[in-house]
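Taken in sequence, the protein lines are chains R and B. Taking the working numbering, the leading residue of the first sequence gets 320, the next gets one more, and so forth. Taking the working numbering, the leading residue of the second sequence gets 174, the next gets one more, and so forth. The beta carbon of each residue, even a glycine, is placed where N, CA and C say it ideally should be. Read the structure below first, then the notes.
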Amino acid sequence: GQNIDQPTEMTATEGAIVQINCTYQTSGFNGLFWYQQHAGEAPTFLSYNVLDGLEEKGRFSSFLSRSKGYSYLLLKELQMKDSASYLCAVRDGDYKLSFGAGTTVTVRA
Amino acid sequence: IAGITQAPTSQILAAGRRMTLRCTQDMRHNAMYWYRQDLGLGLRLIHYSNTAGTTGKGEVPDGYSVSRANTDDFPLTLASAVPSQTSVYFCASSEQGGTTDTQYFGPGTRLTVL
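Set out below in structure tokens:
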């Protein structure tokens, strides 16, 4: 099976920066995804990394180190609307997507 | 364009009853997926279909069946529901299966089995 770990909860202040870490052990690797999921809603795609390094997309950035089995999602200039769960998902050697349990981020005023 | 629609939005079901969750996409995606999401466990793949006419088993297929008669529809059937199938069910699709294509999710069905 696959093993994907991320913290359960994080709290930060509006305007601050939060980094959500994700470590994984999978059978093969074909990319890592980050999804955002607001309570009671569907997951929505945020970012995709398949090569080592940083991918920046506005206030959100995602980093990947394949040799360390590690990724992080960086949320900058936090806004109240960023309060949500953030799901780390890894595509394995068979192209199946396995998800971590998610990190609930709470943004305080 | 609606993307992916699921029905019903929520359902309460007696144990032992048969139930079909519907999923339709209008993006002409070849691949479709069914996941269940339970607190503390994340999304787990139940069944998938890489193209119309083919299906495959995911991580937790027992107690569920699927069919893929055409590109747009991918229904999930619980033949005889049990309380452990209480969950939120998400349908997803991607352009191709067996690739790195991004999966897009429907709004979900909240199912309670009593």
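In the DSSP annotation of this structure, Lys400/R is not part of any beta strand (DSSP E), being labelled neither H nor E. Rounded to the nearest whole angstrom, the CA to CA distance from Thr363/R to Ala265/B is 11 Å. At a cut-off of 9 Å, the C-beta of Lys415/R has a neighbouring C-beta in chain B.
Straight through space, the alpha carbons of Trp207/B and Val286/B are spaced by roughly 18 Å. Contact annotation: in the stretch 352 to 379 of chain R, residues whose CB is within less than 9 Å of a CB in chain B are Phe352, Tyr354, Gln356, Gly359, Glu360, Ala361, Pro362, Thr363, Phe364, Tyr367, Val369.
Put simply, the CB of Ala403/R is far from chain B, with every gap to its CB atoms at 9 Å or more. Taking a cut-off of 8 Å for Cβ pairs, the stretch 419 to 426 of chain R and the stretch 181 to 197 of chain B do not touch, as fewer than three such pairs fall below it. Ile219/B has no beta-bridge partner at all, per DSSP. Against Pro280/B, the close residues of chain R are Glu360, Ala361, in the order they occur along the chain (beta-carbon pairs closer than 8 Å). The shortest C-alpha to C-alpha distance from Glu268/B to any of Thr244/B, Ser240/B, Ile219/B is the one to Thr244/B.
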